[in-house]
Amino acid sequence: MKRIAILGFALESNAFAPPCGRADFEQRGYYRGADITAQARAEHPAIYSGICGFYAEMDRRHGPAGWQPVPIVHAASQPAGPVEEGFFRELLGEFEAGLQAAGRLDGVYVAEHGGATATHTHDPDGEVFALVRRLVGPDVPVVATLDLHANVSDAMMNSVDILVGYRTNPHVDIFERGEEAARLLEELMAGTRATAYRVRLPLVGPSVTLLTAEGHPYGDLIRLGQSRIDERVMNVTILAGFAFADTPKNGMTVIVTTRDDPALARSLAIELASAGWNDRQRYVPRMIPLDEAVEQARAVGADPMAPSLLFADPADNPGGGGRGNTTYILAAFLKAGVHGCIAGVFFDPALVEQARRAGEGARFRADLNTRESARFSEPLSWDARVVHLHDGRFVGHHGMVEGKTVDLGPSAVIALDGITLVVISKRQQCLSTDFFEALGVDVAGARSIVVKSRGHFRAGFQHLFPPERIREVDVPGLTSPNLANFDWRGLPRPVFPLDPEAGWTPPA
Ligand SMILES: [Zn+2]
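Have a look at this one:
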């Protein structure tokens with residue numbers, strides 16, 4: 005019976021956000037041993053979906069009793085700053101002890117994010133992969149899944165047999181990539197030899213330019229890559245990477261894995277990288293200024309017949325390490341008297357507590373960001389009414405949380421003049437209409453919506469908001485797509501579009 009180790013470390017690090025540690029992982033998802041298997045096979049799992057997909061495929065092939073999962077540890081945090089070295093070393097220790105105790109293994113599945121940095125290194129993911137390889141030896145196949153915001157190092161590339169990246173943004177194929185990892189691992193265990201080639205481009209696309217729907221350059225490139233899968237090409241992975249990690253390994257990366265055909269892996273990777281580079285002008289962001297957003301929100305608020313609008317705040321995206329609590333859009337909308345607007349989800353445990361003390365229906369002076377010290381998270385004080393209090397737990401119906409358990413922590417719906425604000429205690433981005441509707445807020449009846457999210461919200465709002473009714477607003481924040489706003493230290497320079505003069509020629 006095949007014995008497969010399952011483990012992983014999942015963090016996307018924003019170099020400009022505060023460091024994170026054990027508490028951040030325990031809040032989001034820290035699973036050990038049998039809990040991983042129970043979560044993977046649960047009806048409404050909270051664990052990382054790639055693991056669920058991996059188990060589903062293995063169970064389909066062998067039956068749940070026909071293979072032996074050896075689950076070790078899976079630790080995932082909300083995107084945050086660099087991981088603290090002390091905690092990270094403890095986690096590596098857990099991986100090591102688990103793999104040493106595992107006995108004979110036939111394969112390993114690593115469910116990684118790939119976009120982490122640490123306080124001591126820009127490549128903690130490389131340390132995880134190298135540790136796994138050192139412990140299992142050169143002959144045990146190792147397959148890893150990566151978020152398409154992963155930044156790939158030599159250590160990552162050299163330590164695993166196949167890197168499988170997501171192909172959708174919003175990420176709605178995480179489960180399927182776990183299934184694919186299982187299929188590829190099976191092939192390797194049956195004796196296929198994988199050879200891969202990687203090309204990295206000096207192209208660091210701002211987050212809002214990295215959508216994969218029709219009409220977007222990154223999606224076009226991924227689809228071109230997929231059109232080349234055949235009996236020789238096992239996998240084509242094209243990772244846009246995560247700009248805010250700010251590391252020397254940043255840059256769009258094409259990885260082609262073949263069935264032992266190194267020449268083909270190389271030529272196809274270079275061909276795809278060239279196509280991506282030739283398309284680089286399409287990675288320049290197009291956002292609207294705040295005063296234009298205010299004008300549009302006020303106009304739709306005053307005209308019940310006008311189509312409602314959704315305003316995204318990509319600069320304060322908790323899914324990219326943002327704090328989820330900047331007030332630029334909220335303050336401007338309040339001052340302009342915008343009506344019929346709902347906004348969220350706003351991370352402020354102290355404000356939830358204030359609302360709880362006041363009680364449902366009560367009026368109170370809402371003090372925002374009283375306990376927050378991050379740059380851009382400025383205080384705001386406004387008269388409010390408590391509309392509703394909630395425990396913040398629900399099962400989602402749309403987008404990336406469809407069928408999944410979501411936990412916002414204790415939450416409050418408060419009304420600030422014409423704006424309904426959903427306030428939460430566990431920092432995360434607004435992924436779908438569920439984040440409002442589960443708390444009793446009517447999304448379909450709103451004139452405008454403001455979401456703290458860069459792009460993942462699109463999958464969970466598309467049933468109400470087609471792309472032409474979505475605006476990305478250019479305001480300050482830890483995840484601003486306006487890359488010139490940041491003091492970069494690690495990025496290889498020059499890179500496009502930050503440095504318009506950046507150049508690249510395909511290797512001879
Ligand atoms: Zn991602």
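In this note's numbering, each residue's number is its place in the sequence shown (first place is 1) plus 4.
Think of the CB as a built atom: it goes at the ideal place given N, C-alpha and C, for glycine as much as any other residue.
Item                                                                                                                              : Value
The stretch 346-354 in contact with the stretch 486-497 per 3-pair CB rule at 8 Å                                                 : no
Contact check, THR241 vs ASN173, beta carbons under 8 Å                                                                           : no
Candidates TRP281, SER415, GLN433, of which the one nearest VAL445 by Cα                                                          : SER415
Closest Cα partner of LEU482 within the set ARG497, THR409, MET404, ALA247                                                        : ALA247
Cβ neighbours of ALA450 in the same chain (closer than 7 Å, five flanking residues each side left out)                            : SER312, GLY344, CYS345, ILE346
ASP177 beta carbon near ligand 1 (any heavy atom closer than 7 Å)                                                                 : no
HIS392 CB to nearest heavy atom of ligand 1 below 7 Å                                                                             : no
Whole-angstrom distance between ALA21 and ALA244, CA atom to CA atom                                                              : 21 Å
PRO86 to THR123 span [Cα, whole Å]                                                                                                : 6 Å
The stretch 403-414 touching the stretch 376-389, judged by at least three CB pairs closer than 8 Å                               : no
Terminal residues of the beta strand (DSSP E) in which VAL72 lies                                                                 : Sequence inspection shows Gln at residue 72; the Val mentioned does not correspond to that position. Counting along the chain, the beta strand (DSSP E) containing GLN72 begins and ends at 72-80.
Status (buried if at least 16 other CB within 10 Å, exposed otherwise) for PRO511                                                 : exposed
Beta-carbon proximity list for GLY25, same chain, < 6 Å, skipping 5 on both sides                                                 : GLU88, PHE91
Identified DSSP bridge partners for PHE13                                                                                         : ALA79
Neighbour-count burial assignment, MET5, 16 or more Cβ in a 10 Å radius                                                           : exposed
Buried versus exposed, by CB contacts within 10 Å (16 or more), ASN282                                                            : exposed
Exposure label - ALA186; buried when at least 16 CB within 10 Å                                                                   : buried
GLU61 beta carbon near ligand 3 (any heavy atom closer than 7 Å)                                                                  : By its list of ligands, the structure shown excludes ligand 3, since it contains just ligand 1.
Cα-Cα separation between ARG284 and PRO501, rounded to whole angstroms                                                            : 8 Å
Cβ-Cβ distance between PHE13 and ALA120 below 8 Å                                                                                 : yes
Limits of the beta strand (DSSP E) - the one that SER452 falls within                                                             : 452-455
Beta-carbon contacts of HIS394 that lie in its chain and below 6 Å, excluding the five residues immediately before and after      : SER415, LEU443
Check: LEU152 C-beta below 7 Å from any heavy atom of ligand 1                                                                    : yes
Residue environment, ASP317, which counts as buried when at least 16 other CB atoms sit within 10 Å                               : buried
Rounded distance between the beta-carbons of ILE76 and PHE99, thought under 8 Å                                                   : 6 Å
Length of the line joining the Cα atoms of HIS117 and GLU16                                                                       : 7 Å
Bridge partners - PRO525, DSSP secondary structure assignment                                                                     : There is simply no residue 525 to check, as the chain begins at 5 and stops at 512 in what is shown.
Which of helix, strand or coil DSSP assigns to HIS66                                                                              : helix
Contacts around ALA148, its chain only, beta-carbon distance under 6 Å, and the 5 residues preceding and following it disregarded : VAL114, GLU116, VAL164, LEU167
Distance, THR331 Cα to ASN373 Cα                                                                                                  : 9 Å
Cβ shell of VAL140 (< 8 Å), same chain only, five flanking positions each side left out                                           : ALA9, LEU103, LEU109, VAL112, VAL146
Assigned secondary structure, TRP386 (DSSP; H/G/I helix, E/B strand, else coil)                                                   : strand
ILE428 versus VAL499, PRO322, PHE469, residue with shortest Cα-Cα distance                                                        : PRO322
Environment of ALA378 [buried if 16+ CB atoms lie within 10 Å]                                                                    : buried
Nearest residue (CA-CA) to ALA80, options ALA38, GLY37, ALA27, GLU47                                                              : ALA27
Close-in-space but distant-in-sequence residues of the same chain around LEU384 (CB under 6 Å, 5 per side omitted)                : THR331, ALA335, LEU372
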